[in-house]
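Trainee: This is the structure I want to talk about, given as structure tokens.
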Amino acid sequence: MNRFQHPEYLQFLWLLLPMLFLFILYMRWRAKSKRAFASPHLWNTLAPNSATSRHYTKFALVSLAMIALIFGIANPQIGVKAEKVKRRGIDVMIALDVSNSMLAQDVKPNRLDRAKLFISRFMDKLQNDRIGLIVFAGNAYQQIPLTTDYSTVKMYLPMINTSMVPTQGTAIGEAVNKAMEGFVSKDDEQKALIIITDGDDHDSDAEDAIQEATSKGIKVFTIGVGEETGAPIPIGNDYKRDEKGEVVMTKFNREMLNNLAVKGNGQFYQLAAGNEIADGLIASLEKIESKELEDFQFSDYQSYFYILLILAVALMAMEYFITEKSNHWAEKLGLFK
3 MNRFQHPEYL QFLWLLLPML FLFILYMRWR AKSKRAFASP HLWNTLAPNS ATSRHYTKFA
63 LVSLAMIALI FGIANPQIGV KAEKVKRRGI DVMIALDVSN SMLAQDVKPN RLDRAKLFIS
123 RFMDKLQNDR IGLIVFAGNA YQQIPLTTDY STVKMYLPMI NTSMVPTQGT AIGEAVNKAM
183 EGFVSKDDEQ KALIIITDGD DHDSDAEDAI QEATSKGIKV FTIGVGEETG APIPIGNDYK
243 RDEKGEVVMT KFNREMLNNL AVKGNGQFYQ LAAGNEIADG LIASLEKIES KELEDFQFSD
303 YQSYFYILLI LAVALMAMEY FITEKSNHWA EKLGLFK
């Protein structure tokens, strides 16, 4: 099994975006300054050994070195010794709505980010339960199968966005069907499905799917994200509008989500501003009879951070020896034209 010992450091990869932005601004400024100083023909005469490609090569080397350094600090590890572990718990599948209405900002920063924060805090309170993840909008897709590796799920959460599912809608029924496929155990009980959505533009077959799920021993809990006052749906610099040009308001569907929870022998919760529901949900899940789960866990890992740190140093050394003037060794390697 592969993992990062410190996955939280991978967030520093976002620093590459402002670096790229500043590099583009620098190259534009440099080109503008060269045009103001002399014509291209005259510039080639004055500075024949000044190659623009060197700047791109140096930036690429620095970026690769930074990536290697960040991955090195996160410390990639490979499990080398597996042990069979038995514990008691339940299987929990989370179905997260990623439709565009989840970008509404009636809860801050928006419904989707608030839901992802809740999932992270919810997992902090889990112990021996297996957890899986499904995303859905007009269609549903399983992203993470049932696992006890909570760090992997947490590492994946920041990557979830509304563009993951191209078809718009709220296909709760299809999400429930995906969850039923994802439960590897055929035993009755010990299974829970948590649906996190605003319920906007939902499909009509959700009730039938939940009825089938309850017949298989799955308890269904629903979490409505948002405020009942509603909010517009951001689209670029504007908001979603109807045929008349009026701004469309999206409200979370309390009645529908509550009815689904009742049919699923579960409970409805509202995730709104200043409303922490993780403890209440954990208490509800603890009422479900647990079962003995048998998994393989790696108790010994081999670290490979040093390979990436050596690579980072090598890349920075290459960048250091590339100067504004002619580098005959680099030209022989075909780095410059």
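For the sequence shown, the working numbering gives the first residue as 3, with consecutive numbering after it.
All C-beta atoms in this analysis are idealised placements derived from N, C-alpha and C, irrespective of residue type, glycine included.
Predicted model only: the values in this text are computed from it and were never measured.
1. Give the single residue among D244, I26, D108, V186 whose Cα lies nearest to the Cα of R132.
2. Do G91 and F307 have their beta-carbon atoms positioned less than 8 Å apart in this structure?
3. Strictly by DSSP, which residues pair up with D115?
4. Cβ of P2 within 8 Å of Cβ of S122?
5. Between the alpha carbons of Y303 and G232, how many angstroms are there, rounded?
6. Span of the beta strand (DSSP E) holding K354?
7. To the nearest angstrom, how far is the alpha carbon of F254 from that of L310?
8. Going straight from the alpha carbon of T224 to that of M104, what length do you get?
9. Leaving out the 5 sequence neighbours to the left and right, which residues in its chain are closer than 7 Å to L128 when beta-carbon positions are compared?
10. Could you spell out where the beta strand (DSSP E) holding R342 opens and where it closes?
11. By alpha-carbon positions, which one of I198, S55, G134 ends up nearest to M29?
12. Just verifying my parser: in three-state terms, what is the DSSP assignment at D207?
13. Could you give the uninterrupted runs of the beta strand (DSSP E) lying entirely in the region 254-297, keeping only those of 3 residues or more?
14. Classify G266: buried if its beta carbon has 16 or more other beta carbons within 10 angstroms, exposed otherwise.
15. Does the count of Cβ pairs from the region 233-242 and the region 213-220 closer than 8 Å reach three?
16. Taking the alpha carbon of D202 as the point to measure from, which residue in G140, V64, L17 has its own alpha carbon closest?
17. Alpha carbon to alpha carbon, how far is A314 from E209?
18. When the Cα atoms are used, what is the spatial distance from L159 to P78?
19. For R5, which residues from the same chain have a beta carbon less than 6 Å from its beta carbon, with the 5 sequence-adjacent residues on both sides left out?
20. May I ask which residues mark the beginning and end of the alpha helix (DSSP H) holding V315?
21. Does DSSP classify K339 as helix, strand or coil?
22. In the DSSP assignment, the beta strand (DSSP E) including I162 goes from what residue to what residue?
23. Report the three-state DSSP secondary structure of D240 (helix, strand or coil).
24. Nearest to V64 by alpha carbon, out of S305, Q269, K110, L17?
25. According to DSSP, is Q107 helix, strand or coil?
26. Within its chain, find whatever has a CB closer than 6 Å to the CB of Y322; leave out the 5 residues flanking it on each side and keep chain order.
27. Apply the 10 Å Cβ neighbour rule to G171 and answer buried if 16 or more other Cβ atoms are within range, or exposed otherwise.
28. Below 6 Å CB to CB, which residues in the same chain sit around Q7 once its five sequence neighbours on both sides are set aside?
29. By the 10 Å Cβ neighbour count, where 16 or more other Cβ atoms means buried, how is A33 classified, buried or exposed?
30. Using DSSP with H/G/I as helix, E/B as strand and the rest coil, what is K60?
31. On the CB-based measure, 16 or more other CB atoms within 10 Å of its CB, does R113 come out buried or exposed?
32. Could you give the C-beta distance for I220 and M258, rounded to a whole number, given that I count them as a contact under 8 Å?
33. Can you list, in chain order, the residues of its chain whose CB lies under 8 Å from that of K118, leaving out five sequence neighbours each side?
34. Do M95 and G184 have their beta-carbon atoms positioned less than 8 Å apart in this structure?
35. Using C-beta distances below 6 Å, list every residue in its chain close to A106, excluding the 5 sequence neighbours before and after it, in chain order.
Mentor: Quick look at the numbers:
1. V186
2. no
3. Beta-bridge pairing links D115 to no other residue.
4. Outside the shown range of the chain, which is 3 to 339, sits residue 2, and nothing can be said about it.
5. 49 Å
6. Within the shown structure, residues of the chain are numbered from 3 to 339, placing residue 354 beyond reach of any answer.
7. 47 Å
8. 15 Å
9. Y152
10. Past the edges of the chain, shown from 3 to 339, lies residue 342, and the structure says nothing about it.
11. S55
12. coil
13. 270-273
14. buried
15. no
16. G140
17. 54 Å
18. 19 Å
19. Q79
20. 307-322
21. Only weak support is given to the placement of K339: the predicted model assigns it a pLDDT of 47, under 50, and the value that follows is read from those uncertain coordinates. Reduced to three states, the DSSP call for K339 is coil.
22. That residue, I162, is in no beta strand (DSSP E); it is neither H nor E in DSSP.
23. strand
24. L17
25. coil
26. none
27. buried
28. N77, Q79
29. exposed
30. helix
31. buried
32. Between M258 and I220 the Cβ distance is about 19 Å, and since that is not below 8 Å, they are no contact.
33. L98, L159, P160, I162
34. yes
35. R113, A233, I235, T252
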